[in-house]
Amino acid sequence: MRKLGSQGQKWLKCVHLICVCFWMGGAITMTLMNFVLSATDGQELFGLNSAKPFVDYYIIIPGANGCLLTGILYALLTRWGWFKHRWIVVKWVITLYGIIFGTFWLGPWLENVTRLSKEHGLAALQLADYAHAGTMLLVWGTFQCATLLFALIISTFKPWKAAKAATS
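Residue numbering for the sequence shown follows numbering that gives the first Met the number 0, starting at 0 and increasing by one per position.
What follows is the structure, given as structure tokens:
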């Protein structure tokens, strides 16, 4: 397959970095919302909880999908490849984990706290389902944010030798 030239790689990098900003910025926003914001009445609780899916749907999900798509294009159209360097493999694991875990666990927990706060107002804070989903979002959302930060760091420093060179 034909590889991108210098200008094409720069444009791909720009798009990739914009997607990273969306995903990382959204993850930091959600994490801070979980730690910093609190509600004093039922409408505030629902308002806070309904703002989180907005961040998820319009910032995190497009950013994550954009990172996945641009990562695939990097693998296909540049010299970086799929598994040429260990740090790239780690980034693939983090990206796939983030998208899968976000889709099948974090997303449903987020929907649950939003629904329960709409139905029960401030009394939702006393419900076991709400407490469980809220705790899972706090713990695993923070972990996901940390793994994204780690991916950003290894993308910058590109540690570890090339996978091929390390085995010889």
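Don't be surprised by glycine CBs; every beta carbon is placed ideally from N, CA and C.
C-alpha gap between residue i and residue j, whole angstroms
i    : j    : result
F53  : C13  : 25 Å
L31  : I71  : 30 Å
F149 : H119 : 38 Å
L16  : L44  : 33 Å
L123 : C144 : In the sequence as displayed, the identity of residue 123 is Ala instead of Leu. Cα to Cα, the separation comes out at about 26 Å.
T192 : N64  : As displayed, the chain neither begins before 0 nor continues past 167, which places residue 192 out of reach and without an answer.
Q8   : Y129 : 46 Å
L76  : W108 : 37 Å
C18  : A38  : 31 Å
T134 : H84  : 36 Å
Given residue i as reference, the closest of the options once Cα atoms are compared
i   : options             : result
G24 : V35, W159, G41, D55 : D55
G97 : L11, I60, W10       : I60
R1  : V112, I27, G80      : G80
Check whether residue i and residue j have beta carbons under 8 Å apart
i   : j    : result
N48 : G140 : no
K90 : I152 : no
L11 : T94  : no
Nearest-angstrom beta carbon gap, residue j and residue i [assumed within contact, 8 Å]
i   : j    : result
W86 : P158 : 6 Å
Classification of residue i by the beta-carbon crowding that lies within 10 angstroms, buried from 16 upward
i   : result
F21 : buried
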